[in-house]
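This report refers to the structure that appears directly beneath it.
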Amino acid sequence: MVDFANTLKTANIPFPTQSAYLCKTTEFFGGLFLILGFMKRLSCFFLIIDMFVATFIFHKGLLLQNGMTTFLLLICCLTLLLSATDKLSIDWLVIKYKFKK
Numbered sequence: 063m064v065d066f067a068n069t070l071k072t073a074n075i076p077f078p079t080q081s082a083y084l085c086k087t088t089e090f091f092g093g094l095f096l097i098l099g100f101m102k103r104l105s106c107f108f109l110i111i112d113m114f115v116a117t118f119i120f121h122k123g124l125l126l127q128n129g130m131t132t133f134l135l136l137i138c139c140l141t142l143l144l145s146a147t148d149k150l151s152i153d154w155l156v157i158k159y160k161f162k163k
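What follows is the structure in structure tokens.
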């Protein structure tokens, strides 16, 4: 984490240590929640913010160089945000149970 915080410091990201922990926490729990299908839209929202900052601020919008991966992840998160809830997700089970009553 210290190495990532130092990388953020060289890119002039404010509060590099806190930003590093926030970034990695968002990526870990956001990815985990997406796999489980739990709070998909909220997870995608935070991951979109994370990938937007990574693409356009950290990588300076160089989409054909270092920013390509983060830009593709940004597009994937936008697609997931706009897609319907899957039947194999926790969100779908909650909605089904809620409207069953």
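Take 63 as the starting number for the sequence shown in the working numbering and just add one per residue. Beta carbons are placed, not taken as given, at the ideal position from N, Cα and C, and that holds for glycine.
Own chain, CB closer than 7 Å to residue i, minus 5 neighbours either side, in chain order
i: Cys85; result: Asp112
Cβ-Cβ distance between residue i and residue j below 9 Å
i: Glu89; j: Leu70; result: no
i: Phe120; j: Ala73; result: yes
i: Phe91; j: Ser105; result: yes
Contact belief for residue i with residue j at Cβ below 8 Å, rounded distance in angstroms
i: Thr117; j: Leu140; result: 12 Å between Cβ atoms; not a contact.
i: Gly99; j: Ile157; result: Not a contact, Cβ separation roughly 11 Å.
Residue i - DSSP class collapsed to helix/strand/coil
i: Gln80; result: helix
i: Ser105; result: helix
i: Asn74; result: coil
i: Gly93; result: helix
Span separating the alpha-carbon of residue i from that of residue j
i: Leu122; j: Thr131; result: A small fix is needed here, since residue 122 is Lys in this sequence, not Leu. For Lys122 and Thr131, the distance between alpha carbons rounds to 13 Å.
i: Asn128; j: Leu96; result: 25 Å
i: Leu134; j: Tyr159; result: 34 Å
i: Gly93; j: Leu155; result: 19 Å
Beta-carbon contacts of residue i that lie in its chain and below 6 Å, excluding the five residues immediately before and after
i: Thr147; result: Asp153, Trp154
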